[in-house]
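A.B. asks: Handing you a structure now.
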Amino acid sequence: MPTSEDYEGQVPAWCPGCGNFQILSTIKQALVELGIEPWEVLLVSGIGQAGKLPHYIKCHTFNGLHGRTLPVATAAKLANHSLHVIAVAGDGDCYAEGGNHFLHAIRRSPNISLFVHNNQIYGLTKGQASPTSAKGTHTPAQPFGYLAHPFNPLSLAISQECSFVARGFAGDQEHLKELMKAAITHRGFSLLDILQPCVTFNKINTFKWYRERVYKLDDDYDPYNQIKAFEKALEWEDKIPNGIFYKKDKETLEEMVPTIHETPLVRKKFSFEDVKHEIEKFY
Amino acid sequence: MSRIRGGHNFYQVRFSDRKVLASKEIVDILLALDLNTIEIHKNSVKEEGFILYDSESMKKKFEGAQFIDIPFRKIAFDVGKNSVMANTVATGSVLGLLDLGLDVLNDILKMTFRGKGEEIIEKNIACAEAGYNYAHSNCPRCEAFGIPEPDGKKLLLIDGVQAIGMGALVSGCKFYSAYPMSPSTGILNYLASRAEEYGLVIEQAEDEISAINMTIGASFAGVRAMTGSSGGGFALMVEGLSLAGITETPLVVAEMQRPGPATGLPTRTEQGDLLFVLYAGHGEFPRVIFEPGTPEQAFYLTNKAFELSEKYQIPVFIQSDQYLGESEWTFENFDFERLVYNDYRVREKDLEGVEEYKRYKYSDTGVSPLAVPGEAGKHLVVADSDEHDEEGHIIEDSETRIKMVQKRLLKKLPLIKKEIEAPLLYGDPSPEIVLVGHGSTYGVIKEIVDIYSKDRKIAMMHFSQIYPLPEQDGFDYIEFLKNAGLVISIENNASGQFAKFIRAETGFEFTHQILKYDGRPFTIENLKEEVDAYL
Ligand SMILES: Cc1ncc(C[n+]2csc(CCOP(=O)(O)OP(=O)(O)O)c2C)c(N)n1
Ligand code: SF4
Ligand SMILES: [Mg+2]
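Keeping their order, the protein sequence lines are chains G and B.
Counting in our numbering, the first sequence runs from 1124 upward without gaps.
Counting in our numbering, the second sequence runs from 502 upward without gaps.
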């Protein structure tokens, strides 16, 4: 059985008090409690404060480009579906630079989890607006305040029948851990948007701001009701619901590709014998 | 020829009892299925040649000895009870003109319509025969062709994109991701059509950025993988190329050129992306570029691309163009004995006794062990697009940075260079005239050399393994060029990119260049005219 020491990585280079610390320790706990060994997990990340997370944990890691986590994670899963693949991204990373991939990963539905550290700001590049920043947010790059309507990842995902849609809060680790475990064990593409205070650049959406607003979805809430889920996902501002908003049982991408049903692609042996007769088709 | 739906479309067939390597401007027979074809191509028909057409369906009659009016539609309707078979009648009539018999066409018709039932096959065969007989008995001077009996030997018929696709398949490629773009789409279609039989995974990505990142993801996870596009799509992939560079992930990219800038001439051809592919990607990392001259070279070079990309953990390009990609050539055989397959990835048993696996371990060759995540026992594989230490974790310090640049780039480069073969020489061994080309101009230059070689000391120097340039200690190709009286560089672009590249790498300056940038390939006639001007 793995212990949290097995997952101990490098010392994080985050600001003291950053919400990322809670997310990091919660991921480790979730993996330990699920009994998943470090060599069974692949973390794929992009660039940003969130993107650095895999260095602070110990498992297989692909820390790729800003915005491009999902294509890498999807293909790695297709290549070896015996790995637990978790994509870790920032809100800018996933909803701006990688927005197109986000949309299409939902549609493909590989059996991977996506954890978005949503701090409603660009942390690494020092405080520009992100797609989830509130309208009117003033930053050094938004001279007239942020003019775009905030992006709602949950309602978008629900509208596209994303297989699993949830939101958690870095300040409630117990709840977050349960959501992470549910996402990792869910069969299909799971989105977990995580409210993560950036104590340095986001002076609006602080721990206190979130604490005053977040509440958990009721125990009798039915995540299989798409319309209800959509309604819940639109709630924001005064009250912010957290929990599993929506679930849809469907075939995963890997299950739909017949060539990898029996053996993961990576374990298929190659020999010239198997392909030699291909040339005959051209005579 | 064009693969896009709608608009004017044409296909040129050239055959001979000796090897045919290029297209010609002037043809013997023009088979016109619409009026537009006659208007566009009638000046490309030999004076004593033929234009086959159907005056009734075109509603226009042509006078002149070249024109043979054959009622394709009417024959199709009378014989096959359906005018859609007019093209079968037309094909039969060309064979009738050439007196080549119908056996081969009948076999093709049986294959093509096998899903449509006996009746359709029989009607098509009858239509072909009717067209054949009509042309045969209405051809005024067909004896002139005097085509010898074919010897019946079966030949391979394959185009460039299929050869690249098959080259990937026989190299153990199991993952291909791309976004459709002419003229690279043929590779996607070919591999997709083979997915079930050979157990491949093919993913049509949402864009080219995704395509290259998926390819890198699959390769990182331990599977041989490839992506492909044309210039515009490859432009979107460029950051991903650099990612493959720093993460040292094996990557094969097919870059099929068409004339730019931007959308350019989407269905035409050009060699306009050489310098782009050479310099694409921010930062410094090694790469290899191959540009095959024939589908056969494309097949072997794609195999070599997979070998080198995994051996050195680098991106390797198969660069080609619309012309080679979509031209079908015949060959006697491809020799599978020449193919290479070495599995350079390491797994649990290869790591026995290894205390701590390090993805980017320093080594004399710069190559570090490439472990497969999840298949390497308890060892962990960490790859990073940030500069990193031996384990793969982010660093900032200059000492590690220097060591990593040396490992990744400087130590590998001379080893890679040793793998590259010398350019191909054809013709006179000590020539007065050397025609230099790269990639798809191979065939046309070779035919020109054959034409002149009767009374001149002439040779072709052809580069298909372009970057890095081969070492000069075995065959000093630059000295060879310096010793020739007249050296002409021939390129299918406007700025002489290959000549610039050679000058930058070797200092050798081409004083004479023949450049073609109308979006069409060189034909034997137009290249000969240009070379003639120098003689
Ligand atoms: C192609 C590209 N564009 C821009 C950047 C610069 N950049 C790095 S991270 C980032 C945004 C970070 O915001 P977010 O994704 O929300 O992550 P956070 O730092 O807030 O966790 C930007 C713009 C980059 N690395 N690559
Ligand atoms: S800038 Fe914000 S997100 Fe980044 S480490 Fe500091 S507090 Fe965390
Ligand atoms: Mg952010």
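Note that the Cβ used here is the ideal one computed from N, Cα and C, for glycine as well.
According to DSSP, simplified to helix, strand and coil, what is His-963(B)?
C.D. replies: The sequence position of residue 963(B) within the second sequence is 462, counting from 1. Here His-963(B) sits in strand by DSSP.
A.B. asks: Just checking Phe-1238(G) against ligand 2 - is the residue's beta carbon closer than 7 Å to any of the ligand's heavy atoms?
C.D. replies: Within the first sequence, residue 1238(G) is the residue found at index 115, counting from 1. Phe-1238(G) Cβ: outside cutoff for every heavy atom of ligand 2.
A.B. asks: Under 7 Å between beta-carbons, which chain B residues line up against Val-1380(G)? List them in chain order, please.
C.D. replies: The count along the first sequence starts at 1 and reaches residue 1380(G) at position 257. Within 7 Å Cβ-Cβ: Val-702.
A.B. asks: Where does Ala-1153(G) sit, in a helix, a strand or coil, going by DSSP?
C.D. replies: Here residue 1153(G) corresponds to residue number 30 of the first sequence, with the count starting at 1. Three-state DSSP puts Ala-1153(G) in a helix.
A.B. asks: What is the chain-ordered set of residues for which the beta carbon lies under 6 Å from any non-hydrogen atom of ligand 4?
C.D. replies: As for ligand 4, it is missing from this structure, which binds only ligand 1, ligand 2 and ligand 3.
A.B. asks: For chain G, check one thing: does any of its Cβ atoms lie closer than 8 Å to the Cβ of Asn-714(B)?
C.D. replies: Indexing the second sequence from 1 puts residue 714(B) at position 213. Chain G contact via Cβ: present.
A.B. asks: Residues in the region 840 to 853 of chain B with C-beta within 7 Å of chain G's C-beta atoms, listed in sequence order?
C.D. replies: Per Cβ criterion, the list reads Leu-840, Tyr-842.
A.B. asks: Grouping DSSP H, G and I as helix and E and B as strand, with all else coil, what is Met-1124(G)?
C.D. replies: In the first sequence, residue 1124(G) corresponds to position 1, counting from 1. DSSP places Met-1124(G) in coil when its eight states are reduced to three.
A.B. asks: Can you determine whether any heavy atom of ligand 3 sits closer than 7 Å to the C-beta of Gly-1221(G), and answer yes or no?
C.D. replies: Along the first sequence, one-based indexing puts residue 1221(G) at 98. No, Cβ of Gly-1221(G) sits at least 7 Å from all heavy atoms of ligand 3.
A.B. asks: Could you give the DSSP three-state label for Arg-504(B): helix, strand or coil?
C.D. replies: Counted from its first residue, the second sequence places residue 504(B) at position 3. Low per-residue confidence applies at Arg-504(B): pLDDT is 49, beneath 50, and the placement is therefore not dependable enough to give any value.
A.B. asks: Please list the partners that Gly-875(B) has in chain G, where partner means a Cβ-to-Cβ separation under 8 Å.
C.D. replies: As a position in the second sequence, residue 875(B) is number 374, starting the count at 1. By Cβ distance, chain G contributes Trp-1162, Glu-1163, Leu-1165, His-1183, Asn-1203, Ser-1205, Leu-1206, Val-1389.
A.B. asks: CA-CA distance, Tyr-943(B) and Val-988(B)?
C.D. replies: For the purposes of this step, residue 943(B) is identified with residue 442 of the second sequence, where counting begins at 1. For the purposes of this step, residue 988(B) is identified with residue 487 of the second sequence, where counting begins at 1. For the pair Tyr-943(B) and Val-988(B), the Cα-to-Cα distance works out to about 16 Å.
A.B. asks: Within the chosen definition, does the region 886 to 901 of chain B reach the region 935 to 951 of chain B through at least 3 CB pairs nearer than 8 Å?
C.D. replies: no
A.B. asks: Between the region 1345 to 1364 of chain G and the region 1277 to 1285 of chain G, do three or more beta carbon pairs fall short of 8 Å?
C.D. replies: yes
A.B. asks: Closest Cβ-Cβ distance between Met-682(B) and chain G: below 8 Å?
C.D. replies: By one-based count along the second sequence, residue 682(B) stands at place 181. Closer than 8 Å: no.
A.B. asks: Out of curiosity, what's the CA-to-CA distance linking Asp-822(B) and Gly-661(B)?
C.D. replies: For the purposes of this step, residue 822(B) is taken as the residue at position 321 of the second sequence. For the purposes of this step, residue 661(B) is taken as the residue at position 160 of the second sequence. Straight-line Cα distance between these residues: approximately 9 Å.
A.B. asks: For a contact defined as C-beta to C-beta under 7 Å, what are the partners of Ile-494(B) on chain G?
C.D. replies: Outside the shown range of chain B, which is 502 to 1036, sits residue 494(B), and nothing can be said about it.
A.B. asks: Around the C-beta of Thr-748(B), are 16 or more other C-beta atoms found within 10 angstroms, so that it is buried, or is it exposed?
C.D. replies: On the second sequence, residue 748(B) is found 247 positions in, with the first residue counted as 1. The residue in question, Thr-748(B), is buried, as its Cβ has 16 or more Cβ neighbours within 10 Å.
A.B. asks: Give the interface partners of Val-1239(G) over in chain B, defined as CB-CB distance under 7 Å, in chain order.
C.D. replies: Sequence index remark: in the first sequence, residue 1239(G) carries index 116 (1-based). Correct list: empty, because the minimum Cβ distance to chain B is about 18 Å.
A.B. asks: When the Cα atoms are used, what is the spatial distance from Gly-1073(B) to Pro-930(B)?
C.D. replies: Outside the displayed span of chain B (502 to 1036) sits residue 1073(B), for which this structure offers no information.
A.B. asks: In whole angstroms, what is the alpha-carbon distance linking Arg-504(B) and Arg-642(B)?
C.D. replies: Within the second sequence, residue 504(B) is the residue found at index 3, counting from 1. Within the second sequence, residue 642(B) is the residue found at index 141, counting from 1. The pLDDT assigned to Arg-504(B) is 49, lower than 50, so where the model puts this residue is not dependable; a value taken from the coordinates is nonetheless given after this. The straight-line gap from Cα to Cα measures roughly 35 Å.
A.B. asks: Could you confirm whether any beta carbon from chain B is found closer than 8 Å to the beta carbon of Gly-1187(G)?
C.D. replies: To locate residue 1187(G), count along the first sequence from 1; it is residue 64. By this cut-off, Gly-1187(G) is an interface position.
A.B. asks: Could you list which residues in chain B have their beta carbon closer than 9 Å to that of Val-1337(G), in chain order?
C.D. replies: Reading the first sequence from its first residue, position 214 is the one you call residue 1337(G). Going along chain B, no residue has its Cβ under 9 Å from Val-1337(G), so there is no contact; the nearest lies around 32 Å.
A.B. asks: Where Met-612(B) and Met-586(B) are concerned, what is the direct C-alpha to C-alpha distance, given to the nearest angstrom?
C.D. replies: On the second sequence, position 111 is the one that residue 612(B) refers to. On the second sequence, position 85 is the one that residue 586(B) refers to. One C-alpha to the other measures close to 16 Å.
A.B. asks: Between the Cα of Met-962(B) and those of Pro-969(B), Ser-990(B), Ala-1005(B), spot the shortest distance and give me the residue it belongs to.
C.D. replies: Working through the second sequence from its first residue, we reach residue 962(B) at position 461. Residue Ser-990(B) is the option with its Cα nearest to Met-962(B).
A.B. asks: In terms of DSSP beta bridges, what is Pro-816(B) paired with?
C.D. replies: Position 315 of the second sequence, counted from the start, is the residue given in the question as residue 816(B). For Pro-816(B), which the question treats as bridged, DSSP gives the partners Leu-752(B).
A.B. asks: Please identify, using Cβ separations under 9 Å, the residues of the region 565 to 597 of chain B that lie next to chain G, in order along the chain.
C.D. replies: Hits within the stretch: zero.
A.B. asks: Taking DSSP as the reference, what is the three-state secondary structure of Tyr-968(B)?
C.D. replies: Locating residue 968(B) in the second sequence gives position 467, where the first residue counts as 1. Tyr-968(B) falls in the strand class under three-state DSSP.
A.B. asks: Locate the beta strand (DSSP E) running through His-1240(G), then write down its first and last residues.
C.D. replies: Taking the first residue of the first sequence as position 1, residue 1240(G) is located at position 117. Element bounds for His-1240(G): 1236 to 1241.
A.B. asks: Looking at chain B, is there any beta carbon in it that lies within less than 8 Å of the beta carbon of Glu-1301(G)?
C.D. replies: The residue given as residue 1301(G) occupies position 178 in the first sequence. Chain B, which has no Cβ nearer than 8 Å to the Cβ of Glu-1301(G), makes this no.
A.B. asks: Please check if any C-beta of chain G sits within less than 8 Å of the C-beta of Ser-678(B).
C.D. replies: On the second sequence, position 177 is the one that residue 678(B) refers to. For Ser-678(B), the answer is yes, since a Cβ of chain G falls inside 8 Å of its Cβ.
A.B. asks: Quick one: any contact between the region 1188 to 1205 of chain G and the region 688 to 699 of chain B, if contact means 3 or more CB pairs under 8 Å?
C.D. replies: no
A.B. asks: Examine the Cβ distances between the region 1329 to 1349 of chain G and the region 1300 to 1311 of chain G and report whether three or more of them are shorter than 8 Å.
C.D. replies: no
A.B. asks: Measuring alpha carbon to alpha carbon, tell me which residue in Gly-1169(G), Gly-1158(G), Cys-1182(G) is nearest Glu-1220(G).
C.D. replies: Translated into the one-based positions of the first sequence, residue 1220(G) becomes position 97. Checking every option, the nearest Cα to that of Glu-1220(G) belongs to Gly-1169(G).
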